[in-house]
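Trainee:
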Amino acid sequence: MNCLSVQEEKIVAAIRSMYPIAVSQRHNYDITDVKVGGFLSFRNQNWKVLEKSKYEEVKWGSFGKKKNPELTHELKLFSLKTGEIVYIEYSVDDELSIYITDKEVKLRDLNLSRTALDEISEEEEGVISYNGSYFDYSDDESWAALYFKDESSNGLKVRFYEFENSSNQTLTVELWQDEDEAERPDREAFLSSELLSSEIVILQIEDKLNGWRC
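According to our numbering, the sequence shown is numbered sequentially starting from 28.
(1) Measure the CB-CB distance between residue 189 and residue 168 and report whether it falls below 7 Å.
(2) Restricting to Cα atoms, I'd like to know which of 200, 183, 40 is closest to residue 143.
(3) Would you tell me roughly how many angstroms separate the C-alpha atoms of residue 240 and residue 181, rounded to the nearest one?
(4) For residue 131, which residues of its own chain have a beta-carbon under 6 Å away from its beta-carbon, when the five flanking residues on both sides are left out?
(5) In chain order, which beta strand (DSSP E) runs of at least 3 residues are fully inside the segment 170-217?
(6) Which class does residue 60 belong to by DSSP, given the choice of helix, strand or coil?
(7) Would the beta-carbon of residue 247 fall within 7 Å of that of residue 98?
(8) What do you reckon, are the CB atoms on residue 77 and residue 37 nearer than 7 Å?
(9) Compare the C-alpha of residue 79 against each of 70, 86, 154, 101 and name the closest.
(10) Determine the closest residue to residue 219 out of 228, 192, 231, with distance taken between C-alpha atoms.
(11) Along the chain, where does the alpha helix (DSSP H) containing residue 144 start, and where does it finish?
(12) Using CA atoms only, rank isn't needed, just tell me which of 56, 75, 225, 166 is closest to residue 39.
(13) If the criterion is Cβ atoms closer than 7 Å, does the pair residue 90 and residue 184 meet it?
(14) Based on Cα-Cα distance, which residue from 64, 127, 136, 56 lies nearest to residue 196?
(15) From residue 162 to residue 194, what does the alpha carbon distance come to, in whole angstroms?
(16) How is the beta strand (DSSP E) around residue 112 delimited, first residue to last?
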């Protein structure tokens with residue numbers, strides 16, 4: 028008789044699909060090498076990569092293509108310890124930058140209307156409060172992008188309004204534009220923090236078993 032829960036079965040299946048790289052070889056890889064089905068370790072947990080998507084930087088006003096757009100990749104990770112799902116984003120400009128999404132923020136907790144957000148963007152400055160902490164708007168870090176879930180998908184339009192506090196946490200308000208641009212954009216907000224590349228150990232680059240999925 029199988030006494031495992033569905034979540035426990037997923038964890039066991041994920042563990043069985045892991046074939047770790049030799050410890051002596053792991054220093055040769057970083058997060059940019061990892062593909063779907065790969066594994067990495069940080070914060071005392073091992074994680075399996077379920078999905079890998081990307082954001083392509085575009086012009087803020089028109090969503091038009093840029094000549095040399097910055098690419099940001101997003102990894103959807105599954106914990107082999109708890110079964111939780113987390114998201115990590117990384118980009119490479121002058122150096123590798125990695126952020127982990129800590130939690131989703133309810134928009135009502137920000138008391139931030141679409142009009143107020145537009146005013147902050149136009150003025151290129153502003154402050155919002157969340158959970159007792161103040162976040163300053165960063166115009167330099169705010170950007171627009173096309174989101175591609177995979178290589179075959181069409182790009183979805185999104186703008187990122189970035190706010191930062193004194194503890195180096197980032198609060199991002201996202202406005203997702205539907206294909207019917209007459210509709211009001213969907214809004215989401217997330218709190219994230221930076222991860223150092225040195226905190227992450229690459230255990231496996233890609234799927235060795237042709238596709239376990241959560």
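Don't be surprised by glycine CBs; every beta carbon is placed ideally from N, CA and C.
Treat the numbers as computed from the prediction; the structure is a model and nothing was measured.
Mentor: Let me spell this out:
(1) A contact, by the Cβ cut-off of 7 Å.
(2) Selected option, being the one with the closest Cα: 200.
(3) Residue confidence is low: residue 240 scores 47 on pLDDT, short of 50, so the model does not pin down where it sits. No coordinate-derived value is stated.
(4) Setting aside the 5 residues that flank it on each side, residue 131 is surrounded in the same chain by 217, each with a C-beta closer than 6 Å to its C-beta; the list follows chain order.
(5) Listed in chain order, the complete beta strand (DSSP E) runs (minimum 3 residues) inside the segment 170-217 are 170-175, 183-191, 197-204.
(6) Reduced to three states, the DSSP call for residue 60 is helix.
(7) Nothing can be reported for residue 247: it is not among the residues displayed for the chain, which extend from 28 to 241.
(8) In this structure, residue 37 does not lie closer than 7 Å to residue 77 by Cβ.
(9) When only C-alpha atoms are compared, the closest one is 101.
(10) For residue 219, the closest C-alpha among the options 228, 192, 231 is that of 192.
(11) Per DSSP, the continuous alpha helix (DSSP H) segment holding residue 144 begins and ends at 141-150.
(12) Closest in alpha carbon position to residue 39, among 56, 75, 225, 166, is 75.
(13) Going by C-beta atoms, residue 90 is nearer than 7 Å to residue 184.
(14) Closest by alpha carbon: 127.
(15) Rounded to whole angstroms, residue 162 to residue 194 spans 10 Å at the Cα level.
(16) Segment 112-119, the beta strand (DSSP E) holding residue 112.
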